[in-house]
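Heads up, the sequence shown is in the numbering used here, so the first residue is 572 and it goes up one at a time. Ideal Cβ positions, reconstructed from N, Cα and C, are used throughout, including at glycine. In this text, all values refer to a predicted model and were calculated from it rather than measured experimentally. Below you'll find the structure, written out as structure tokens, and then a few comments.
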Amino acid sequence: MFIVGNFIIALGRVLEVFITMLYWLVLIRAIVSWVNPDPFNSIVQFLYKMTEPFLLPFRRLLFKFGDFGFDISPIVLFLFLLFLRYFLINSIIDLGIRLK
């Protein structure tokens with residue numbers, strides 16, 4: 572059973588790294604958007620391509636509630652990622668530890 576436990580722990584750690592990377596990409600994108608970047612810059616294009624699939628569902632959901640004057644979807648995504656990191660990831664890792 573320890574093999575399954577180790578696998579689940581490793582899965583939790585990989586998901587944690589993915590969530591952390593996405594968190595930083597969204598943060599960098601939010602900061603870059605404040606300075607009016609060149610949309611043809613390769614770094615800006617990379618940031619948009621990597622974060623847009625995650626921001627778009629939140630943008631659509633928030634659009635139904637009205638216009639806030641500025642895009643708050645990165646803030647909502649931050650909160651969602653924090654929830655995933657502290658609830659889901661910790662639960663997966665705890666499950667793996669109990670199966671060891």
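- Message: Between which residues of its own chain and Val575 is the CB-CB distance below 7 Å, once the five residues before and five after are set aside?
- Response: The residue given as residue 575 occupies position 4 in the sequence shown. The residues are Leu670.
- Go ahead and pull the three-state DSSP assignment for Lys635. Here residue 635 corresponds to residue number 64 of the sequence shown, with the count starting at 1. Lys635: helix per DSSP, three-state reduction.
- How big is the Cα-Cα spacing for Phe625 and Met592? Position 54 of the sequence shown, counted from the start, is the residue given in the question as residue 625. Position 21 of the sequence shown, counted from the start, is the residue given in the question as residue 592. Distance between the alpha carbons of Phe625 and Met592 is about 13 Å.
- Query: So what's Asn607 in DSSP terms, helix, strand or just coil?
  - Reply: Looking up residue 607 in the sequence shown gives position 36. Three-state DSSP puts Asn607 in coil, outside helix and strand.
- May I have the straight-line CA-CA distance separating Asn607 from Tyr657, to the nearest angstrom? Taking the first residue of the sequence shown as position 1, residue 607 is located at position 36. Taking the first residue of the sequence shown as position 1, residue 657 is located at position 86. The alpha-carbon atoms of Asn607 and Tyr657 are separated by roughly 33 Å.
- Item | N- and C-terminal bounds of the alpha helix (DSSP H) containing Arg669 | Start at 1 with the first residue of the sequence shown, and residue 669 comes out as number 98. It spans Asn661 to Leu670 - the alpha helix (DSSP H) in which Arg669 sits, taken as one unbroken run.
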